[in-house]
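By the working numbering, the letter at position 25 of the sequence shown is numbered 1338, and the numbering carries on one by one without gaps.
Report on the structure given below.
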Amino acid sequence: MGETMVTPEKAIKTLLRRHEHQQKMARQRAEKAWESLPKLARILSDNYGAERVILFGSLAREEFRINSDIDLAVSGMPTENYFKALGHLLMESLYSCDLVAIEDAPDLLRQRIEEDGVILYDGERDRIN
């Protein structure tokens, strides 16, 4: 029985192909995630009273990976709406979502959201279409 020998060159080529495929998949996921943001922001503003919706995390930093989630921060949303809103996001999104109430966030997280975040909705104006 002839066994196929794996050479370092073949191994490197295989690893590079896998890496390129994963990068392509991550880019496609990121594009679809960005496309879903207006809908998710409207869900939070129209149904749950969010006055401001901010994207933060890996998608905002353009570091979205195959297993990344969508991180959204809200302000002005009544506390009693939090779990209903999160459930609604999870039902409507293709990806897992994390929802943070800015008012309740630890200082360091709040600072990162303010510095790196992308405003999706602010009052009555959608920032993205």
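For every residue, glycine included, the Cβ atom is placed at its ideal position computed from N, Cα and C.
Per DSSP, cross-strand counterpart(s) of Val1319: Answer is none; Val1319 lacks a bridge partner.
Inside the stretch 1375 to 1420 only - alpha helix (DSSP H) runs reaching at least 4 residues: Here the runs fully enclosed are 1395 to 1405.
Residue from Ile1379, Tyr1434, Leu1422, Leu1399 with nearest C-alpha to Glu1333: Looking at the Cα atoms, Ile1379 is the closest of the given residues.
Whole-angstrom distance between Ser1409 and Gly1436, CA atom to CA atom: Going from the Cα of Gly1436 to the Cα of Ser1409 covers about 25 Å.
Separation of Ile1415 from Ile1367, as counted between CA atoms: When rounded, the separation of the alpha-carbon atoms in Ile1367 and Ile1415 is 9 Å.
Cutoff 7 Å; reference Arg1425; Cβ partners in own chain excluding five residues on either side: Only Phe1369 meet the Cβ criterion.
Among Tyr1395, His1401, Leu1385, the one whose alpha carbon lies nearest that of Glu1427: Out of Tyr1395, His1401, Leu1385, the CA that lies nearest to the CA of Glu1427 is found in Leu1385.
Residue burial classification, Ala1324 (beta-carbon count within 10 angstroms, cutoff 16): Exposed is the label assigned to Ala1324, since fewer than 16 other Cβ atoms lie within 10 Å of its Cβ.
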